[in-house]
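Numbering (full-length UniProt numbering), first residue to last: 1 to 257.
Structure, rendered in structure tokens:
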């Protein structure tokens, strides 16, 4: 039972006791000292304001209690107090039990930490799996051929995609973003994409270098210039043609599946 409820019952008991005393006094003459009476009225008014603030709707409860005997009210109050004590005891027991259960042993804490670590690893593996599946699906959608040398060979190969405005090169057997040659302005004459590519390829050439040239329809002139320079330098190369919309180099993985 709440504190407000207990205060309500106490006020009711006091009210009934005053009613009984007034009935016993009958019509006996009573004299009052005016200053004392005024002080009493003022104190009673203050008490009344406090009681009204606590009880709010106390008028209805007093009217309902006027027909109940003092003994019955005392019995009811005792019953409510007993129930409140029982409820408080049960609440304290439950709170104590919750506190005991919330205190984890070191073994339990270690197990929880290990479980959290395993869950984190499982989550990372799931993300890796999803990423690989997406890459596989993207490769299948690209519908592009895969180029590589047999295992054990010492040849370093480059897959070169040639078009009029851009040349791309990516190594065989190594996931790497393709190198892009799109030309650059010169002092007197602009450097074309094929000239920029040939300057780079000269640094890669050697006995173990090989370039496989894939030529788009727009890259025929650039292809002729590259082949002429490769023949002069005796650079090993091969070539084939490709469609305008065909995709051969992956933008992130290059010539690797």
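Idealized CB from N, CA, C, for every residue including glycine. Note that this is a predicted model, so its numbers are computed, not measured.
1) What is the DSSP secondary structure of residue 26, counted as helix, strand or coil?
2) Taking buried to mean at least 16 other C-beta atoms within 10 Å of its own C-beta, is residue 194 buried or exposed?
3) Should the region 202-222 be regarded as contacting the region 160-174, the criterion being three or more beta carbon pairs within less than 8 Å?
4) Across which residues does DSSP place residue 179 in a beta bridge pair?
5) Determine which residues share a DSSP beta bridge with residue 184 and list them.
6) Pop quiz: residue 242 and residue 248 are said to be a contact at Cβ under 8 Å. What is the actual Cβ separation, rounded to whole angstroms?
7) Going by other Cβ atoms of all chains shown within 10 Å of its Cβ, with 16 needed for buried, is residue 192 buried or exposed?
8) The beta strand (DSSP E) that contains residue 162, what's its start and end?
9) What are the residues that DSSP puts in a beta bridge with residue 239?
10) Please report how far the alpha carbon of residue 250 lies from the alpha carbon of residue 171, in whole angstroms.
11) Please go through the same chain and pick out, in chain order, the residues whose beta-carbon is closer than 7 Å to the beta-carbon of residue 178, but skip the five residues on each side of it.
12) For residue 225, which of 198, 204, 244 has the nearest alpha-carbon?
13) Tell me whether the beta-carbon of residue 211 lies closer than 8 Å to the beta-carbon of residue 158.
14) Given residue 229, which residues of its chain have a CB within under 6 Å of its CB, disregarding the five upstream and five downstream residues?
15) Per the DSSP calculation, residue 228 is bridged to which residue(s)?
16) Indicate the three-state DSSP secondary structure (helix, strand or coil) for residue 250 in the structure shown.
17) How many angstroms separate the CA atom of residue 118 from the CA atom of residue 91?
18) For residue 88 and residue 96, I'd like the C-alpha separation in whole angstroms.
19) With distances taken from CA atoms, which of 244, 122, 190, 160 is nearest residue 209?
20) According to DSSP, simplified to helix, strand and coil, what is residue 258?
21) Helix or strand or just coil, what does DSSP make of residue 245?
22) Can you have a look at residue 201 and say buried or exposed, based on whether 16 or more other CB atoms are within 10 angstroms of its CB?
23) What does the alpha-carbon distance come out to for the pair residue 196 and residue 181?
24) From residue 183 to residue 134, what does the alpha carbon distance come to, in whole angstroms?
25) Among 252, 227, 129, which one has its Cα closest to the Cα of residue 240?
26) With 16 other CB atoms within 10 Å as the buried threshold, where does residue 128 fall?
In terms of the structure at hand:
1) Any reading at residue 26 must be qualified, since the residue scores a pLDDT of 48, below 50, and its modelled position is unreliable; no value is offered.
2) buried
3) yes
4) 169
5) 191
6) 6 Å
7) buried
8) 156-162
9) 213
10) 12 Å
11) 168, 169, 170, 249, 254
12) 198
13) yes
14) 198
15) None; residue 228 has no bridge partner.
16) strand
17) 38 Å
18) 12 Å
19) 160
20) For residue 258 there is no data in the structure shown, the boundaries of the chain being 1 and 257.
21) coil
22) buried
23) 6 Å
24) 34 Å
25) 227
26) exposed
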